[in-house]
DNA sequence: CGGGGGTTTGACGAACGTCAATCGGGGTGG
DNA sequence: CCACCCCGATTGACGTTCGTCAAACCCCCG
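Protein chains in written order, with the working numbering: chain A, 60 to 322; chain B, 60 to 322.
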């Protein structure tokens, strides 16, 4: 039920986190040693377990070693919105929010984390400028993903949302070497997908079927395969940076923005 | 077309920004003087004008003196999602994002801004710790509003979204004394509301009609009146956060299924 | 062999979008 | 002062997307 503490199980370093930080900035040797030296104080969580409630209490800084988590908000009648998904290498509570966390954190799968308090301290004390920079970059990236999520929820169809989300997962997992350009682990249930994408379970299922039927993805036993990344990216409108609102005569009247399920 | 520069029009200090920062943190006298001394280098924008494109270029720090703006993203086929609305007293480009702006900034009404470069400098140089703290609090608040927006788009009905959004505007405008608990300026067209709430214009119109019919709001010539804030808050599921980020976790334990907005 | 969680499918309805026409008010030129 | 006009608000009819309900199915495990 509560997290089990495993004082110094295998002393496996947080590979994913190291890879992620290296991708976001340069780290000195001493910083790398600091990260590799982490390993006592690790915790295991079971799927569905709440790691931290929404509220004013600060969360102890942690890094995800394995497993997936999320930040979420739940309405009074049970509707849930997943704010973002946390993957191996992502941090929890690394950025202290002087008002408490804005959303609850919950394990989505079996989850292993390690305590990163000393990393947070080193960063605060200015003893790890490389890590500090990487964490700042990570925060910017997270903010960007949040805006992507906002556009997904506000202005994209179910079909587009799923494609966009799968591409996001693929990219993030590739950075921490938990997948390649085509294939990656996908342990989320359709219920979780629904809560992340603002859809119902049933509609997520049907949308996935459609993507399968069209030869765009495969989804077996916890593994996703993107069969046609280019077409998916096209559907998802990845990185649409075309400012110009005023006069917009080239609104595509001839194109079918929605690939109708009528197969 | 481009913004007109008005070197020292009336030397009106940015009252709204001062009030907002005072609500977010304590300012020293010298800091207040710094803010009151702003006033040369102001710019006027026309409604619809783009203030800054989405992209890597940094934006000159500015404060909104009057008028409303927004941050937005536009998809290739013209669909637009407004990320958030910027009100008098809000800043633009005050927080430098090392990867550039993540969304375009656009004036929604006639807009007056003043240059706040020297504020940004003072904060960076550590000469304005009070302002720095207030700006950090502002950033946290903005982040919180972003999560609200996410839940709105992902899990709330049109009816709930509109109620929630109006309440957000009321609270934010009250802080800068541009409205009271009931009444505030509302210069947004229904098209803008639609793009902010992820709805169509027509549906926004019908939802507003419904709120009017039920005696919850009035909306005349640029002024909104919330006739029954309590009921609106109930509809919107407000997780109220008011002056300085003081979240209250009144999670209702035994709630009834859905408070359906049955007409 | 039974059971439970996740997935799949069908039928149906509600929420929301689209198209198109009309209305209304404030600004502008005559 | 008035006619005109343009933009935004409003309304109706209709189509699509998506949600809900319910049942069947599947697979892993005890």
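Ideal Cβ placement from N, Cα and C applies to all residues, glycine included.
Problem set entry | Inter-stretch contact at 8 Å, needing at least 3 Cβ pairs: the segment 199 to 207 of chain A / the segment 155 to 175 of chain A | no
Exercise. Where in the segment 201 to 244 of chain A do unbroken runs of the beta strand (DSSP E), each at least 3 residues long, occur, reported from the N-terminal end onward?
Worked result: 242 to 244
Exercise. What whole-angstrom Cβ distance do residue 222(A) and residue 295(A) have, given they're in contact under 8 Å?
Worked result: 4 Å
Exercise. Exposed or buried, what is residue 229(B) when buried is set at 16 or more other beta-carbons lying within 10 Å of its beta-carbon?
Worked result: buried
For this session: Check whether the segment 69 to 82 of chain A touches the segment 128 to 136 of chain A, taking contact to mean three or more Cβ pairs, one atom from each stretch, closer than 8 Å.
Result: no
Exercise. Applying the criterion that 16 or more other CB atoms from any shown protein chain within 10 Å of the CB defines a buried residue, is residue 115(B) buried or exposed?
Worked result: exposed
Exercise. Taking buried to mean at least 16 other C-beta atoms within 10 Å of its own C-beta, is residue 71(A) buried or exposed?
Worked result: exposed
Exercise. Excluding five sequence neighbours on each side, which residues of the same chain lie with their C-beta closer than 6 Å to the C-beta of residue 273(B)?
Worked result: none
Exercise. Anyone know if the C-beta pair for residue 145(B) and residue 123(B) falls short of 8 Å?
Worked result: yes
Exercise. Using 8 Å as the limit for Cβ to Cβ distance, is residue 162(A) near chain B?
Worked result: yes
Problem set entry | Chain-order list of residues whose beta-carbon lies under 8 Å from that of residue 219(A) (same chain, five-residue window excluded) | 211, 294, 295 and 296
Exercise. When Cβ atoms are compared, which residues of the segment 199 to 226 of chain A fall closer than 7 Å to chain B?
Worked result: 199, 202, 203, 205, 206, 208, 209, 210, 212, 213 and 214
For this session: Compile a chain-ordered list of the residues in the segment 114 to 134 of chain B whose CB is closer than 9 Å to at least one CB of chain A.
Result: 114, 130, 131, 132, 133 and 134
Exercise. From residue 90(B) to residue 194(A), what does the alpha carbon distance come to, in whole angstroms?
Worked result: 30 Å
Exercise. Cα separation between residue 96(A) and residue 73(A)?
Worked result: 9 Å
For this session: Below 8 Å CB to CB, which residues in the same chain sit around residue 290(B) once its five sequence neighbours on both sides are set aside?
Result: 275
Exercise. Residues of chain A with CB under 8 Å from residue 296(B), in chain order?
Worked result: 134 and 135
For this session: State yes or no: is the beta carbon of residue 157(A) nearer than 8 Å to at least one beta carbon in chain B?
Result: yes
Exercise. Interface residues of chain B around residue 138(A) at Cβ under 7 Å?
Worked result: 214
Problem set entry | Strand pairing of residue 140(B), partner residues [DSSP] | 132(B)
For this session: For residue 188(A), decide whether its Cβ has a neighbour in chain B, counting only Cβ atoms nearer than 8 Å.
Result: no
Problem set entry | Those runs of the beta strand (DSSP E) which lie wholly inside the segment 82 to 129 of chain B and span at least 3 residues | 101 to 104, 109 to 111 and 121 to 125
Problem set entry | Nearest neighbour of residue 162(A), chosen from 235(A), 141(A), 188(A) and 113(A) [CA to CA] | 113(A)
Exercise. Would residue 107(A) count as contacting chain B if we go by Cβ distances under 8 Å?
Worked result: no
For this session: Per DSSP, which residues does residue 279(B) bridge with? Please list them.
Result: 282(B)
Problem set entry | Burial state of residue 240(B) (16 or more Cβ within 10 Å) | exposed
For this session: Could you tell me whether any non-hydrogen atom of the ligand NAD is closer than 7 Å to the CB of residue 199(B)?
Result: Absence of the ligand NAD is noted for the structure shown, with no ligands found whatsoever.
Exercise. Who are the near neighbours of residue 106(A) in its chain, counting only those whose CB is closer than 7 Å to its CB and skipping five residues on each side?
Worked result: 166, 167, 168 and 169
Exercise. Residue 85(B): which of 188(B), 199(B), 184(B) and 179(B) sits nearest, CA to CA?
Worked result: 188(B)
Exercise. Taking 8 Å as the CB-CB cut-off, is residue 260(A) touching chain B?
Worked result: no
Exercise. Whose CA, out of 180(B), 280(B), 192(B) and 288(B), lies closest to the CA of residue 246(B)?
Worked result: 280(B)
For this session: Indicate the three-state DSSP secondary structure (helix, strand or coil) for residue 254(A) in the structure shown.
Result: helix
Exercise. Using the beta-carbon of each residue, which ones in chain B are nearer than 8 Å to residue 257(A)?
Worked result: 212, 213 and 214
Exercise. So, does the CB of residue 142(A) fall closer than 8 Å to a CB anywhere in chain B?
Worked result: yes
Problem set entry | Burial state of residue 184(B) (16 or more Cβ within 10 Å) | exposed
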